[in-house]
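S.K.:
Number of protein chains: 2
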Amino acid sequence: MNTDVFLIGSGQTRFGEWWEKGIRDLMYEAIDGALESAPCTALDIDTVIVANMIAERTNAQAHLGALASSLLPHRPPALRVESACASGAVALHTACALLESGRAKTVLVLGVEKMTDVPPAEVSTALMGAADSEKDAPCGLTFPGIFGLVAQRYMFEYGLTREQLNTVSAAHHRNAVANPFAQFRAEIPAEKISQSPKVADPLCLLDCSPISDGAAACILSTAFESDMKLAASQLASDAVSLTERESITSFPATKKAMEKALEEADTDRSSISHIEVHDCFSIAAVINVEDLGFAEPGRGIELYEQADPVPTINASGGLKACGHPVAATGIKQLIDVSKQLRNSGNRWGLSHNFGGACASCGIHILEHIHV
Amino acid sequence: MNTDVFLIGSGQTRFGEWWEKGIRDLMYEAIDGALESAPCTALDIDTVIVANMIAERTNAQAHLGALASSLLPHRPPALRVESACASGAVALHTACALLESGRAKTVLVLGVEKMTDVPPAEVSTALMGAADSEKDAPCGLTFPGIFGLVAQRYMFEYGLTREQLNTVSAAHHRNAVANPFAQFRAEIPAEKISQSPKVADPLCLLDCSPISDGAAACILSTAFESDMKLAASQLASDAVSLTERESITSFPATKKAMEKALEEADTDRSSISHIEVHDCFSIAAVINVEDLGFAEPGRGIELYEQADPVPTINASGGLKACGHPVAATGIKQLIDVSKQLRNSGNRWGLSHNFGGACASCGIHILEHIHV
C-alpha cells in the first residue's frame, strides 16, 4: 500500500434466511453496525462501494451503489462492483485504489446478498453466471457439479479419501459454535458429513456452503486511524471456463495473488497467524491452503487433521458454517480476521476470497499494529 | 487528476442488433479496435475493468471481468462495475483511481451489453433494476413511464411544447448520419417524432433510445502518452426512488458532478466545445444541458432549436441514434468526445452519463493537448 489505509469500523448482519428483511434492511443493519464501531460519522463517508452478485436476478435490483448511498443522509458518490463470489474482495480492492489515489478519504465498503426470496433453482442459475455461459453452463454443470469434478480429480491425483474430506466441514462447524453471526452454530461429527445427501459425487450436502441472506460492511479510511492497517490488497484472474485450465486441482489465481500480497505487505507466509479461506465447497478449502503455500500439493488436508493448525483456518466457521451470501463473504472474512487478530494479539492475518472456480481471486493482508 | 492519465486507444463495435454475435465476440471486437489504435500491446494492459448492467439476466453471465481478462494472453486482474446506465462512466472513474493510486499503469476499460437475445419485456424488467424495486417498480412504472412523468411535469412547469421536443431526436438523428458506428443513420424530420407510436404520454417511440447490442473500449494509461488527457472524472449520487426527490425536472447529481468536474479540470464551462449528454429519452437531453449549466432552467430546448449550438451537443447522434447498449454508452461517449476534439482542434470536451433517473451520474472532461 502506498498510503496507510485503516479498517476503522465494521458491522454485519447474522447470515441466514431472513425472509422478513429486504435487501435495503440488510444493508442498513450492516452500515449501522459499522458506523457504530467507527470513530467517524456517516457524514465522513465520501464514497460507497457495494459488492453484490445476483440481486438483479433474485431481487430485480441493480444500481445498488446509489441505493446504498441513499441510506446515508448526504448521498455520497457510489458504485457497485462484481466479480462473482469474489465481489467482496474486489470491492475492498477498489476502495483501496480510491483511498490511495486521494479521491476518497473514508469509504464504506458494503457486501450484500438476498438469496432466499426465490426458489433454489433460480439461485443456482444465477450463481452459474460465475461460470462460462457459453462453454460450461450448456453442458449442464452447476457449481456443485464443477467442484464435484474438482474433488474427483483431486482424489485421483492425491489419494484423498472421503473420510479425510469430512474433517473440513466438521472443523468449520466446530469453529462456528462460538460465532454469533454464523448461520449454523451446531457441531457436526465428521462421519455425518459424508452421510448427508449426495449432491455431486463425491460431494455431499454438508460439503457445500449454503444459500444465505446477509450483509457485511467495512469502513476504510486514510483520515481516521485504528489498530488495523491494510497491508496488502491484490487481485488475480484466471480463465473462467474449466475447458481453458491446465489443471483443476490447483488455482493459479490464488498463487499469483498471494505472491503479490506477500510482496506488498513485506512479510512472509510464516508470520501469518490467522487465515480465512474461500471454502465454498470442502475441497476448495483443501486446495486453497495449498495454493496459499501453507501446505504442499496434496497435503492440505493435514492442516485440517490437526486440532490447532498454524495458522488458524476459518476460525469464524468459514463459508460452510457462517453462510455464504456471496458478495458479503469477502468483506465478512476481513472483519473476522480483524477480530481474530485482536483476540490473539498477533500481527498478521489474511483473507482469501475467490469467484467461480477461482477465475478471480482477491487476497487482503491485515496488520494489527501497536501490539 | 493528481496524475496525468491519457486516453491512448479506443475501439467499438457498431451499436445495433447483432444476433449472430455473443457477448464475448462483442468484447473481443472492441478490445481489438482499442489495441489496434494504441501505442501499447495487449501485454501492457495490467488491469481490466468491465462495465455491464444486465448480462446476468439477458445472457446468464456474471463475472465479466474475468471473462474479458481471459481474452487477453496474460489474463490480468479484472473486475466488473455497475451503476445502471452510468456503468461506463463509473468504470472510467474506477480506472482513474487505479491509475492515480499507482496500482495500475495501463487499464483496459470495456463496456458491453448484449440486449437483443431476449424478449423486449425481459429487457424492460432488467432495465427497471436501475429504479427502486421496492418503491417505484411495484407501481408498474417502467423507464419510459418514469421519463413520461418527467416530461409531463417539465411541460407543466416550463411550457415546453410537444413540437419543440421533436427537435431533440431530430437533431440526434441528423448528427448520426455521419457516424459509421451509429445504430440508426437516417435523418428523421422533426414532425415525424411525435407522429411515431405513443409509448408513455407525451413520449413517443422516437423520443426513446433503442435496445442495442454493442461494446466500446478505452485504454487509459499513465505509462503511455497521447494528445488526449483526462482532466476530470467525477461521480455523484441521488436517491434512486422518484418518491425521495424534491423535483423531477432537474437532476442534482448532474449539477454536483459538473461542479466538481470543472473544479478538477480547472477550466470553465464556456471553454468546453463538445459535449455528449445522456439522452436516454429526449426530455433527458433538455434537462441535462440545463443541469450542466449550458442553459437556464426551462430553456434547454433553445440549444436544440439552433442549427449550430455551442457547445456541440451529441454530435455523435447520442443514445437515441447511436443506440444504447447501456453499460457501453459512457465509454462510447468519451471516445466520441475525443474524435470531436481531434476534428475541431479544440481543447475541452465533456461526456455526461447517468443511471436510472440520474440517481448516479458520471462526468468526464477530456483535454486535447498540443493544440
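Which chain is which? The protein sequence lines are A and B, in order.
In my numbering, each number is its position in the first sequence, counted from 1, plus 157.
In my numbering, each number is its position in the second sequence, counted from 1, plus 157.
No residue lacks a Cβ here, since even glycine has one placed at the ideal position from N, Cα and C.
1) Any idea what DSSP makes of B/S407, helix, strand or coil?
2) In chain order, what residues of the same chain have a beta carbon less than 8 angstroms from the beta carbon of A/L255, not counting five sequence neighbours either side?
3) For chain A, is any of its Cβ atoms less than 8 angstroms away from the one on B/N282?
4) Could you spell out the range, first to last residue, of the alpha helix (DSSP H) harbouring B/G222?
5) With distances taken from CA atoms, which of B/R504, B/T486 and B/H525 is nearest B/G519?
6) Counting C-beta neighbours from all protein chains within 10 Å, is the total for B/V467 16 or more, i.e. buried, or is it exposed?
7) With three or more beta-carbon pairs closer than 8 angstroms as the criterion, would you say the segment 384-392 of chain A touches the segment 245-252 of chain A?
8) Strictly under 8 angstroms for the Cβ-Cβ distance: is B/G259 near chain A by that measure?
9) Measuring straight from C-alpha to C-alpha, what distance separates B/T170 and B/A187?
10) Looking at A/V162 and A/L507, is the spacing between their C-beta atoms short of 8 angstroms?
11) Within a Cβ cutoff of 6 angstroms, which residues of the same chain sit near A/E314, ignoring the five residues on either side of it in sequence?
12) Return the CA-CA distance between B/N332 and B/F451, expressed in angstroms with no decimal places.
13) Taking the alpha-carbon positions, what's the B/E453 to B/V443 distance?
14) Contact between the segment 266-278 of chain A and the segment 472-487 of chain A is defined here as three or more beta-carbon pairs at a separation below 8 angstroms; is this criterion met?
15) What are the start and end residues of the alpha helix (DSSP H) that includes B/N500?
16) Would you call B/P359 buried or exposed, if buried means 16 or more other Cβ atoms sit within 10 Å of its Cβ?
17) Taking only beta carbons into account, state which residues of the segment 378-409 of chain A come closer than 7 angstroms to chain B, listed in chain order.
18) Tell me which residue opens and which closes the alpha helix (DSSP H) that B/A246 is part of.
19) Give the interface partners of B/I211 over in chain A, defined as CB-CB distance under 9 angstroms, in chain order.
20) Could you check where the alpha helix (DSSP H) with A/A310 kicks off and where it finishes?
21) Just verifying my parser: in three-state terms, what is the DSSP assignment at B/I202?
22) In angstroms, rounded to a whole number, what distance separates the CA positions of A/M385 and A/L523?
23) Does the structure place the segment 233-247 of chain A close enough to the segment 221-236 of chain B that three or more beta carbon pairs sit under 8 angstroms?
24) Indicate whether at least one CB of chain D lies closer than 8 angstroms to the CB of B/V247.
25) Quick one: using the 10 Å Cβ neighbour count with 16 as the cut-off for buried, is A/S427 buried or exposed?
26) Check for me: the beta strand (DSSP E) holding B/R169 runs from which residue to which?
27) Closer than 6 angstroms by C-beta to A/N503: which residues in its own chain qualify, once you throw out the five before and the five after it? Chain order, please.
28) Span of the beta strand (DSSP E) holding A/E524?
29) Looking at C-alpha atoms only, which residue of A/L164, A/M158 and A/S227 is the closest neighbour of A/Y185?
30) With a threshold of 7 angstroms on Cβ separation, who are the neighbours of A/T273 within its own chain once the five nearest residues in sequence on each side are excluded?
31) Take B/D425 and list the residues in its own chain whose beta-carbon comes closer than 8 angstroms to its own, dropping the five residues that flank it on each side.
32) Taking 6 angstroms as the limit between beta carbons, can you name the residues of its chain near A/E382, skipping five residues before and five after?
33) Which residues does DSSP list as the beta-bridge partners of A/M535?
34) Beta-carbon within less than 7 angstroms of B/E459's beta-carbon, same chain only, minus the 5 sequence neighbours each way: which residues are those?
35) Rounding to the nearest angstrom, what Cα-Cα distance links A/S366 and A/L322 in this structure?
36) Should B/D423 be labelled buried (16 or more other beta-carbon atoms within 10 Å of its own) or exposed?
M.R.: The answer reads as follows:
1) coil
2) T204, I206, A261 and V264
3) Reading off the sequence shown, one finds Thr at residue 282 of chain B, where the question assumed Asn. Yes, because at least one Cβ of chain A sits closer than 8 angstroms to the Cβ of B/T282.
4) L221 to S226
5) Residue B/T486 holds the alpha-carbon nearest to the alpha-carbon of B/G519 among B/R504, B/T486 and B/H525.
6) exposed
7) yes
8) yes
9) 6 angstroms
10) The criterion of a C-beta distance shorter than 8 angstroms is not satisfied by A/L507 and A/V162.
11) T406
12) If you draw a straight line from the Cα of B/N332 to the Cα of B/F451, it comes to about 19 angstroms.
13) 11 angstroms
14) yes
15) DSSP places B/N500 inside the alpha helix (DSSP H), whose first and last residues are V483 to S501.
16) Classification of B/P359: buried, given that the 10 Å Cβ count is 16 or more.
17) L392, A393, S394, D395, A396, V397 and E401
18) Annotation: the continuous alpha helix (DSSP H) that includes B/A246 extends over S244 to S258.
19) E213 and A219
20) Here residue 310 of chain A turns out to be Arg, not Ala, going by the sequence shown. Where A/R310 is concerned, the enclosing alpha helix (DSSP H) stretches over F300 to Y315.
21) coil
22) 7 angstroms
23) Touching, per the Cβ criterion.
24) Included in the structure are the protein chains A and B, with no chain D among them.
25) exposed
26) Correcting the residue type first, residue 169 of chain B is Gln in the shown sequence and not Arg. From DSSP, the beta strand (DSSP E) with B/Q169 extends over F163 to Q169.
27) S430
28) S517 to H525
29) A/S227
30) E174, W176, I368 and D370
31) L419
32) F163
33) The requested residue 535 of chain A does not occur in the structure, where chain A is confined to residues 158 to 528.
34) By the criterion of a C-beta distance shorter than 7 angstroms, B/E459 is surrounded in its chain by A452, once the five residues flanking it on both sides are discounted.
35) 14 angstroms
36) It counts as exposed.
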